[in-house]
Amino acid sequence: MSFPRYPAYKDSGVEWLGEVPGHWASVPLKTIIDQIESGVSVNAVDTPATADESGVLKTSCVYHGDFDASENKAVVQNEYDRLACPVTANTLIVSRMNTPDLVGAAGLVRLSQPHLFLPDRLWQVHFRDSDPRYVHYWTRTPSYRAQVQVVCAGTSSSMQNLSQEDFRSFLITRPPLSEQSQIAAFLDRETAKIDALVTEQRRLMELLKEKRQAVISHAVTRGLNPEAPMKPSGIEWLGDVPEHWEVLKLKFLCEIQTGDKDTENAVDNGIYPFFVRSQTVERINSMSFDCEAILTAGDGVGVGKVFHYHNGPFDFHQRVYMMNNFKNVSGPYLFHFFRENFYKVALEGGAKSTVDSLRRPMFMNFTVCVPTKAEQAAIVVEIEKTATQFDTLTTEAQHAIDLLQERRTALISAAVTGQIDVRSAV
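In terms of the UniProt record's numbering, the sequence shown opens at residue 1 and continues consecutively.
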């Protein structure tokens, strides 16, 4: 859908802003700010406040450009008398101190939250003679971000601070109040449509992920022949397996050991891959093995979730398990079987998804379905073909999301800077 331009434009007097509609003004933000409030730092727990508790907002409450009241921490009761600045409707919550990408991030409060309070790193901005919805959309434009980046450029590269003086000096395009409300109403409607489409694509990606996992899991536990006779595996989580398959413990299929390196041994731009307890592969200048191997985290949040298949020189962390020297099973097949089935077994064995350790006996006694070598090869081919198909569909869905988000950003910027006239579209 295309929208008309305004009948007449004038030079804004600001090089980076260019022309604005003839009846609009370009004014410092301070001319429409009524008040800027801030809270105080208080002691709080890591869980959100319940309905009968008081909470303090986290800076992440505005990370995505909208206000998320659930991003708060419950305040300990002996700190209640120190709380200041409850969350009020029709204000902007602004992050005054954050990383370069997030400093200045703002969210619109549509409903008051009297049990939630601001910390000292957030502002609550009240406006006069302006529609706060319009101002919020303005904070989503490149022109706003450019002004934030200019004034914060001289501070720390990792944590930047936005002063009230600089914030108040930012130039904002200002239509008449009634027109601000028209633009805000238009953007509320159109961005809701775009957001709904993005949600559909994200749901599609989740469904694709679930379907991919189901197809792969079925292949490594039931095989590719739906007519194959089945037998009980004797393992509750595994159920029935093809009658001619073997069901063996992992310790009979490969050698298992841990590494002898630590995280501090990682080297930027090192010669060899260095497998640690995360999905990220570090680099290192030492090489302890040159072989086909499967590696998985032995403790930490990666237990049952982090898996690597590698064939070549490498080194690995002292809390990472390596499987190699495979017997009667191919490395790629075991990798897929392990990745699809080990997590639920690890949880049952007591290794939680949070920091915990993977006990060696439980690991070595993990049950594996072992088809014939020919079936293993066919299963791996089918899995890789299936993975490619699902990856292609997932990439297409992500591309659609990227285009929708670009469209959203461009529409907001065009409407708020007067490059399109949306008054007749409301």
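All C-beta atoms in this analysis are idealised placements derived from N, C-alpha and C, irrespective of residue type, glycine included.
Have a look at G331, P371 and W123 and flag the residue whose alpha-carbon is nearest the alpha-carbon of L224.
P371
Based on Cα-Cα distance, which residue from R140, V75, V303 and A185 lies nearest to P119?
V75
With distance defined between alpha-carbon atoms, name the residue in P7, V20 and Q257 nearest to A414.
V20
Excluding the 5 residues flanking S353 on each side, which residues of the same chain have their C-beta closer than 6 Å to its C-beta?
Note on S353: pLDDT 43, under 50, position unreliable in the model; no value is reported.
Quick one: Cα of residue 427 to Cα of L207, how far?
Only positions 1 to 426 of the chain appear in the structure, and residue 427 is not among them; the question remains open.
Suppose you measure from the CA of C61 to the CA of T139; what does that come to, to the nearest Å?
15 Å
L116 beta carbon less than 8 Å from that of N72
yes
Our contact map puts T392 next to I235 with C-beta atoms below 8 Å; I'd like the distance itself, whole angstroms only.
Contact check for T392 and I235: beta-carbon distance about 34 Å, past the 8 Å limit, so the pair fails to qualify.
Would you decide whether C85 is buried or exposed? Buried here means 16 or more other CB atoms lie within 10 Å of its CB.
buried
Within the region 315-388, ranges of the alpha helix (DSSP H) (whole runs, at least 4 residues)
At a cut-off of 4 residues, the continuous stretches assigned as alpha helix (DSSP H) that sit fully inside the region 315-388 are 331-348 and 360-364.
From D421 to Y6, what distance separates their C-alpha atoms?
Separation of D421 and Y6 (C-alpha to C-alpha, rounded to the nearest whole angstrom) is 5 Å.
Integer-rounded CB distance, given that Q160 should sit under 8 Å from P100:
5 Å
For the alpha helix (DSSP H) holding Y80, just list the boundary residues, first then last.
Looking at the DSSP string, Y80 is not in any alpha helix (DSSP H), and its letter there is neither H nor E.
Can you give me the C-alpha to C-alpha distance between E243 and V56, rounded to a whole angstrom?
Distance from the CA atom of E243 to the CA atom of V56, rounded to whole angstroms, is 59 Å.
Quickly, what does DSSP pair K231 with across the bridge? List them, please.
V241
Between the CA atoms of A185 and C152 - distance to the nearest angstrom
32 Å
Are the CB atoms of F316 and F342 nearer to each other than 8 Å?
no
CB residue 428 to CB F326, shorter than 8 Å?
The question about residue 428 has no answer, for the chain in this structure spans 1 to 426.
Cα-Cα, which of K30, G259, R110 and T191 is closest to I172?
K30
Just how far apart, CA to CA, sit H336 and F314?
20 Å
Could you say which of V150, A214 and P175 lies nearest to S163 if we only look at CA atoms?
Checking every option, the nearest Cα to that of S163 belongs to V150.
With three or more C-beta pairs closer than 8 Å as the rule, is the region 182-200 touching the region 42-57?
No contact exists between the region 42-57 and the region 182-200.
E282, enclosing alpha helix (DSSP H) - first and last residue
That residue, E282, is in no alpha helix (DSSP H); its beta strand (DSSP E) goes V281 to I284.
For V381, count neighbouring Cβ atoms within 10 angstroms of its own Cβ and tell me buried if that reaches 16, exposed if not.
exposed
Quick one: what's got a C-beta closer than 6 Å to S130's C-beta in the same chain, skipping five residues either side?
The answer, listed in chain order, is I32.
Member of V109, E37 and G39 whose CA lies at the smallest distance from the CA of S70
Ranked by how close their Cα comes to the Cα of S70, the residues V109, E37 and G39 have V109 in first place.
Between the Cα of P232 and those of C369, R121 and L403, spot the shortest distance and give me the residue it belongs to.
Looking from the CA of P232, the closest CA among C369, R121 and L403 belongs to C369.
Taking the alpha helix (DSSP H) that K211 falls in, what are its first and last residues?
L177 to R222
Beta carbon of F363, beta carbon of Y333: below 8 Å?
no
C-beta contact flag for Q376 and V329 at 8 Å:
Their beta carbons are under 8 Å apart, which means Q376 touches V329 by this criterion.
How many whole angstroms separate the CB atoms of A293 and N324, which I take to be in contact at a CB cut-off of 8 Å?
4 Å
Can you tell me which of A146, A387 and L92 puts its alpha carbon nearest to the alpha carbon of H126?
L92
State the Cα-Cα distance for the pair P176 and W24, rounded to the nearest angstrom.
7 Å
To which residues does DSSP link K10 through a beta bridge?
V20
In chain order, what residues of the same chain have a beta carbon less than 7 Å from the beta carbon of Y80, not counting five sequence neighbours either side?
S54
Report back the beta-carbon spacing between L122 and A89 to the nearest angstrom; my notes put them in contact at under 8 Å.
With a Cβ gap of about 16 Å, L122 and A89 do not count as contacting.
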